[in-house]
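J.: For the record, in the sequence shown the residue sitting at position 68 is 695 according to my numbering, with numbers rising by one throughout.
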Amino acid sequence: MEIVIILLGIAVDRFTKLWVVESLLENSNIDILGNFLSFLYIKNRGAAFGILQNKLYFLAAITIVVVIGIIYYIFKFKPQWGMVRISLSLIISGALGNLVDRIVYGYVVDFIALHLGDIYYFPIFNIADILVVTGTMLLTFYLLKEGKNES
Numbered sequence: 628m629e630i631v632i633i634l635l636g637i638a639v640d641r642f643t644k645l646w647v648v649e650s651l652l653e654n655s656n657i658d659i660l661g662n663f664l665s666f667l668y669i670k671n672r673g674a675a676f677g678i679l680q681n682k683l684y685f686l687a688a689i690t691i692v693v694v695i696g697i698i699y700y701i702f703k704f705k706p707q708w709g710m711v712r713i714s715l716s717l718i719i720s721g722a723l724g725n726l727v728d729r730i731v732y733g734y735v736v737d738f739i740a741l742h743l744g745d746i747y748y749f750p751i752f753n754i755a756d757i758l759v760v761t762g763t764m765l766l767t768f769y770l771l772k773e774g775k776n777e778s
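Quick look at the structure:
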């Protein structure tokens, strides 16, 4: 199950990013849902929220260490809880998706722009980011729930 989630996540992430790179000019905008959602191709040379700009090798190394650590945990402890395995698979998938970008392009392709008209703009992100955040949230909710059950 984990391999399917990881491969599917990477495939969807790659497909969307390849479409963006081939279809949009950098900093060009396509409105999808009026004043709420648009596709805006940017080259992110840092990490989330623009931190660690131009630290390509550092970010790639951290990603590799984290992915190896998660894989080690899965094989060593063989978690029986489906939610843990799914969560970790989503995190691996997203991390590898952005790692591929760093290796291939030297930056991460970000393109999903959420905004409230001209009032508020959320930092631009991609499918890999959604996978990492979703996996992290699911894992957090699961661990909080299990912690309460053990108390």
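C-beta atoms are modelled at their ideal positions from N, C-alpha and C, and glycine is treated no differently.
Run the CB neighbour count on Ser778, radius 10 Å, all protein chains shown included, and call it buried at 16 or more, exposed below.
T.: At Ser778 the pLDDT is 44, less than 50, meaning the model places this residue with poor confidence and gives no usable figure here.
J.: On the three-state DSSP scale, how would you describe Leu667?
T.: strand
J.: If you count every other CB in all the chains shown that lies within 10 Å of the CB of Tyr684, and 16 or more means buried, which is it?
T.: Burial call: exposed.
J.: Name the residue from Met764, Ser720, Asp745 whose alpha carbon lies nearest to the alpha carbon of Trp631.
T.: Contrary to the premise, residue 631 reads as Val rather than Trp in this sequence. The shortest Cα separation from Val631 among Met764, Ser720, Asp745 belongs to Ser720.
J.: For Thr763, which residues of its own chain have a beta-carbon under 7 Å away from its beta-carbon, when the five flanking residues on both sides are left out?
T.: Ile718
J.: Is the beta carbon of Ala722 less than 7 Å from the beta carbon of Val760?
T.: Contact check for Ala722 against Val760 fails: the beta carbons are separated by 7 Å or more.
J.: Sort Val711, Asp640, Ser665 by Cα distance to Leu770 and report the nearest one.
T.: Val711
J.: Can you tell which of Val727, Gly744, Arg672, Asp745 has the C-alpha that lies nearest to the C-alpha of Asp640?
T.: In this structure, Val727 is the residue among Val727, Gly744, Arg672, Asp745 with its C-alpha nearest to the C-alpha of Asp640.
J.: Using a Cβ-Cβ cut-off of 8 Å (strictly less than) and excluding sequence neighbours within five positions of Leu652, which residues of its own chain qualify?
T.: Tyr668
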